[in-house]
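Peer 1:
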Amino acid sequence: MSGPKPYVVFVLGPPGSGKGTQCQKLVEKFGYKHLSAGDLLRQEQGTPGSQFGEVIDHHIRNGTIVPVEITCRLLDRAMQSSGKSHFLIDGFPRNKDNLDGWNREMSDRVNLQFVLFLECPEEVCVERCLNRGQAGSGRTDDNIESLRKRFKTYANDTLPIIEYY
Numbered sequence: 120m121s122g123p124k125p126y127v128v129f130v131l132g133p134p135g136s137g138k139g140t141q142c143q144k145l146v147e148k149f150g151y152k153h154l155s156a157g158d159l160l161r162q163e164q165g166t167p168g169s170q171f172g173e174v175i176d177h178h179i180r181n182g183t184i185v186p187v188e189i190t191c192r193l194l195d196r197a198m199q200s201s202g203k204s205h206f207l208i209d210g211f212p213r214n215k216d217n218l219d220g221w222n223r224e225m226s227d228r229v230n231l232q233f234v235l236f237l238e239c240p241e242e243v244c245v246e247r248c249l250n251r252g253q254a255g256s257g258r259t260d261d262n263i264e265s266l267r268k269r270f271k272t273y274a275n276d277t278l279p280i281i282e283y284y
């Protein structure tokens, strides 16, 4: 990235906690560019001929975390192509490897302003995700089997990152 370093806010919380919804409100009020790590991964997953598509598909279907090098590359590309200087990044970093990879790849290229953490009871989150899936979200992971894996991954991997910040 050339020019001044972009400003970044990480938005973290369990699946279905409202990260995307709250980011949209912040975009409207403050003009940030919202980058959803999950949306970028799903977009890349669906891109014909993508060098990362199969790896991303495997991790999304299994409720596991995509390798940090892939996610950082997609985030970096999205920031560079946006023309913006302030970003909300939701759903990242999701584990220690993500955090270490971000620090290694990106920390000297961006200004991390703060981390916004959304709390929401698990039963509410599950209901939101299932309703989103039934409403045709197009997400392959909005089903009860994937959600169980996603919440387990969140509890084991993401909560320690939130505690770090």
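Quick note on the numbering used here: the sequence shown kicks off at 120 and runs consecutively. We put the CB at the ideal spot given by N, CA and C, even for glycine.
In angstroms, rounded to a whole number, what distance separates the CA positions of Thr277 and Lys271?
Peer 2: So the alpha carbons of these two residues sit roughly 10 Å apart.
Peer 1: Determine whether the beta carbon atoms of Leu119 and Val127 lie at a separation below 8 Å.
Peer 2: This structure cannot speak to residue 119, because the chain is shown only from 120 to 284.
Peer 1: Please return the same chain residues whose Cβ sits closer than 6 Å to the Cβ of Gly135, not counting the five positions on each side in sequence.
Peer 2: Around Gly135: Cys244, Arg247, Cys248.
Peer 1: Specify the secondary structure class of Phe149 as computed by DSSP and reduced to three states.
Peer 2: Correct three-state label for Phe149: helix.
Peer 1: Inspect the beta-carbon positions of Ala197 and Leu145 and report whether they are closer than 8 Å.
Peer 2: For Ala197 and Leu145, no; Cβs fall outside 8 Å.
Peer 1: Residues in the same chain with beta-carbon distance under 6 Å from Ala156, minus the five sequence neighbours each way, listed in chain order, please.
Peer 2: Thr190, Gly210, Phe211, listed in sequence order.
Peer 1: Which stretch, first to last residue, makes up the alpha helix (DSSP H) that contains Val185?
Peer 2: Careful: Val185 lies outside any alpha helix (DSSP H) and carries neither H nor E.
Peer 1: Between which two residues does the alpha helix (DSSP H) containing Phe270 stretch?
Peer 2: Residues 263-272.
Peer 1: With a cut-off of 8 Å on the beta carbons, I'd call Phe129 and Ile208 a contact; round off their distance for me.
Peer 2: Indeed, because the Cβ distance is near 6 Å, the residues count as touching under 8 Å.
Peer 1: What does DSSP give as the partner residues of Ser155 in its beta bridges?
Peer 2: Ser155 is bridged to Asp209.
Peer 1: Please report how far the alpha carbon of Gly220 lies from the alpha carbon of Arg269, in whole angstroms.
Peer 2: Distance between the alpha carbons of Gly220 and Arg269: 21 Å.
Peer 1: Under three-state DSSP, which class holds Tyr283?
Peer 2: Here Tyr283 sits in helix by DSSP.
Peer 1: Select from Tyr151, Gln170, Gln164, Asn222 the residue whose C-alpha is nearest the C-alpha of Ser201.
Peer 2: Cα-wise, what sits closest to Ser201 is Tyr151.
Peer 1: According to DSSP, is Gln170 part of a helix, a strand, or is it coil?
Peer 2: Looking at Gln170 - three-state DSSP - the assignment turns out to be coil, as it is neither helix nor strand.
Peer 1: Figure out for me which residue from Ser265, Ser204, Asn217, Ala254 has the closest Cα to the Cα of Glu188.
Peer 2: Per the Cα distances, Asn217.
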